[in-house]
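I have placed the structure first, in the form of structure tokens, so that the comments after it can refer back to it.
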Amino acid sequence: MATVDKTPESVWRTSQRCCPPCSMKSSGDTPSATVTTNGLNSTPFTLERGTRQGCPLSPLLFNLALEPLLRIFQACPDFSGIQIGSQEVRIVAFADDLHLFLSRPDKALPTLLTYLEEFHLASGFKINYDKTLAIPLGTDCGRLIRQHSPFRWCRMATFKYLGVLLPTNITRLYEVNIPPLLSQLKNLLASWAKLPLSYLGRCSLIKMVAFPRLLYPIQMLPLLLKRKDIAHIHALFTRFIWSGGRPRIALRKLQLPHIMGGLNLPDMYSYNIAALYRIVADWITDSSRYTDSALDRAMSFPLSPLAFLHSPLSMIPPTQRSNPLFFTGREAWY
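So in full-length UniProt numbering, spot 168 of the sequence shown is number 168, and the numbers just go up one at a time.
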């Protein structure tokens with residue numbers, strides 16, 4: 001639905017409220033392209049469904065198409081989300097990844113299914129129930145609700161959202177994400193071990209392929225890596241760079257910037273601290289660039305996130321002390 005050739009008329013009507021009426025539609029009206037091979041251009045061909053991957057207009061069109069449904073979820077009186085102080089969390093959306101929190105599923109599920117069907121008829125947007133997962137948090141929704149809902153019910157204690165695993169027990173956040181990630185890194189480097197690469201090529205492979213796989217979860221999750229895990233990562237890097245032999249240059253020297261004679265190899269500890277400092281910076285500046293500051297204030301009440309950084313642990317309530325967002329932010333700060 002996000003492609004121009006399959007976009008329903010309702011989306012174009014929505015876009016008229018946001019920009020000049022014909023600007024978006026004309027930018028993708030009967031688009032064509034050519035393929036350049038050895039300096040020669042092919043005959044122009046029309047871009048249709050299946051050839052629009054990577055089009056910068058597609059996610060914007062999808063957001064416009066989904067926005068009316070999100071407004072319905074926010075305004076519907078039958079939906080009640082998770083109440084945290086004065087803040088209510090009902091819905092979290094990123095592109096086509098949609099999470100809806102329902103504290104009264106017995107009342108909300110029939111209404112939800114009705115709205116989804118009506119929105120499908122009006123816009124063409126259809127939920128794939130085979131890929132839709134429902135997970136009870138802290139309560140059993142009952143056999144009757146399970147039988148009359150088309151969703152798959154999660155029997156595991158974790159679910160994946162935007163590439164990271166979220167457990168129903170928040171204290172297991174580190175356990176379900178970091179050890180499997182390190183195991184994947186070890187297997188990845190082992191599969192590359194016999195490639196005929198110089199140590200410079202191996203350093204480049206770490207920076208361009210292996211490191212981004214580590215960077216993404218530590219930016220997404222408020223986790224402070226354990227010292228032993230950081231040492232394990234650095235040991236894997238060292239073993240891979242020198243093909244299992246004795247290191248000719250210490251890893252800490254390879255991590256120096258180019259101007260100081262190093263290769264700018266990533267230091268996991270520094271990146272981990274920097275990722276957590278982004279959240280702390282939002283608390284200090286009262287902004288919401290990397291975290292929802294209003295929600296953080298509601299969770300930290302009667303303290304504030306900023307006061308949490310400077311309060312002795314004995315003055316911090318146990319419920320807040322066990323929250324990884326506050327605890328790891330405080331640990332990184334000190």
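Where is the CB? At the ideal position from N, CA and C, for every residue including glycine.
What you are looking at is a predicted structure, and each value in this text was computed from that prediction instead of being measured.
With a threshold of 16 other beta carbon atoms within 10 Å, R202 meets it and is buried. F308 counts as buried, since at least 16 other C-beta atoms from the protein chains shown sit within 10 angstroms of its C-beta. Pairing G124 with F301 gives a Cβ-Cβ distance that is not under 8 Å. Per DSSP, reduced to three states, the secondary structure at S32 is strand. Measuring C-alpha to C-alpha distances from D296 to each of P247, S42, Q83 and C76 identifies Q83 as the nearest. Bounds of any beta strand (DSSP E) do not take in T168, whose DSSP letter is neither H nor E. According to the DSSP assignment, L251 belongs to the alpha helix (DSSP H) that extends over L251 to L254. Following the DSSP letters along the chain, one finds I273 inside the alpha helix (DSSP H) bounded by residues M268 to T285. Nearest Cα to Q255 within the set L200, S287, P167 and F119: L200. Judged by DSSP secondary structure, D97 falls within the beta strand (DSSP E) whose first and last residues are D97 to L100.
Apart from sequence neighbours up to five positions away, the residues of its chain that approach D229 with a beta-carbon distance below 7 Å are I178 and L182, ordered along the chain.
When DSSP states are grouped into helix, strand and coil, I82 belongs to the strand group. Secondary structure note for A93: its beta strand (DSSP E) is the uninterrupted segment I91 to F94. The residue from D292, Y269, M156 and Y271 with its alpha-carbon nearest to that of I279 is D292.
In the structure shown, the three-state DSSP call for T43 is coil.
Just measuring C-alpha positions, the residue of V92, Y174, N169 and A210 sitting nearest N187 is A210. The segment 307-322 makes no contact with the segment 249-266; the number of CB pairs closer than 8 Å stays below 3. F159 sits in a strand when the DSSP states are folded into three classes.
Under the criterion of beta carbons closer than 8 Å, L173 and R152 do not qualify as touching, at roughly 23 Å.
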